[in-house]
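Working notes for the structure below.
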Amino acid sequence: MKKEKLLVPFIAASVLVGASVTTPVFSHSAYAASSVSVYQKDVNSLADYYAPFYKTVEKKLKEIEGIKDDEKALAAYDQLADQIDQFLTKTDKNYAMNHLNSEAGQLQGYLYDSLIALYNYIVDLEDYAYGDVSDAEFNKISANFEKEINAYNTQFQQKAKSYKTKRKVTFNANMSYLLDEDIQPSPTAPPTPADSNGTYTG
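Each residue of the sequence shown is one higher than the one before, starting from 1428 at the first, in my numbering.
In structure tokens, the structure reads:
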């Protein structure tokens, strides 16, 4: 196997941009009475939960780019896939977004679905490394993955900007990291995010 087949540039680092967090569920009356503070709390909770893991993933991807040995790189990808699997499983069990705040739920959906896309891509990359996927198939998989990630990133940034303006919130450092204003994704029709209350099956 040629090194370039495995050590291809990993575009996910451009988008990837914790402890378990459970957001309390508010009654409609309480939610309406304190809407600004609740909207702020929800977006802070979301950013503080996802950003640390996204930073871990980004760091891992950069480390993998520097690995020269194919077997070691493949093992590192496998380890990263396991970490993503564990995070998504933990999220399903322990992280509950405020169900009255559908906008924050959509933001979570884009972050969650991006990790699922990355996990699936790593699985495909491993299949390719072992010769189970052809060059043509993997080129198509890579192109579709890039399109999907760019779409999620575009929709996440658009929804976050709307949320900030509409709900009069400020973004903390973790949310600013997730947004990463330097990213310029391709203009792609965004896929519909999964239900933020959905579950992941690895």
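C-beta atoms are modelled at their ideal positions from N, C-alpha and C, and glycine is treated no differently.
Taking all protein chains shown into account, decide if residue i is buried (16 or more other Cβ within 10 angstroms of its Cβ) or exposed.
{"i": "Glu-1498", "result": "exposed"}
{"i": "Gly-1536", "result": "buried"}
{"i": "Lys-1495", "result": "exposed"}
{"i": "Ser-1529", "result": "exposed"}
{"i": "Tyr-1466", "result": "buried"}
{"i": "Gln-1533", "result": "buried"}
{"i": "Asn-1521", "result": "exposed"}
{"i": "Asp-1509", "result": "exposed"}
{"i": "Asn-1566", "result": "exposed"}
{"i": "Asp-1540", "result": "buried"}
{"i": "Asp-1469", "result": "buried"}
{"i": "Tyr-1555", "result": "buried"}
{"i": "Ser-1589", "result": "exposed"}
{"i": "Gln-1585", "result": "exposed"}
{"i": "Ala-1600", "result": "exposed"}
{"i": "Thr-1581", "result": "buried"}
{"i": "Tyr-1557", "result": "exposed"}
{"i": "Ser-1472", "result": "buried"}
Quick one, are the C-beta atoms of residue i and residue j less than 8 angstroms apart?
{"i": "Ile-1491", "j": "Tyr-1546", "result": "no"}
{"i": "Glu-1553", "j": "Tyr-1504", "result": "yes"}
{"i": "Ala-1474", "j": "Met-1602", "result": "yes"}
{"i": "Tyr-1477", "j": "Leu-1606", "result": "no"}
{"i": "Leu-1488", "j": "Ile-1549", "result": "no"}
{"i": "Phe-1583", "j": "Leu-1538", "result": "yes"}
Secondary structure at residue i, three-state DSSP: helix, strand or coil?
{"i": "Phe-1598", "result": "coil"}
{"i": "Tyr-1557", "result": "coil"}
{"i": "Asp-1607", "result": "coil"}
### Sufficient close CB pairs (3 or more, under 8 angstroms) joining the stretch 1507-1525 to the stretch 1576-1592
The answer is no - the stretch 1576-1592 does not touch the stretch 1507-1525, with fewer than three Cβ pairs under 8 angstroms.
### Task
Any chance you could list the alpha helix (DSSP H) runs of at least 4 consecutive residues sitting entirely within the stretch 1489-1544, in chain order?
Unbroken alpha helix (DSSP H) stretches of 4 residues or longer found wholly inside the stretch 1489-1544: 1497-1521, given in chain order.
#### Entry: the stretch 1562-1573 contacting the stretch 1590-1607, beta-carbon criterion three pairs below 8 angstroms
With fewer than three CB-CB distances shorter than 8 angstroms, the stretch 1562-1573 does not count as touching the stretch 1590-1607.
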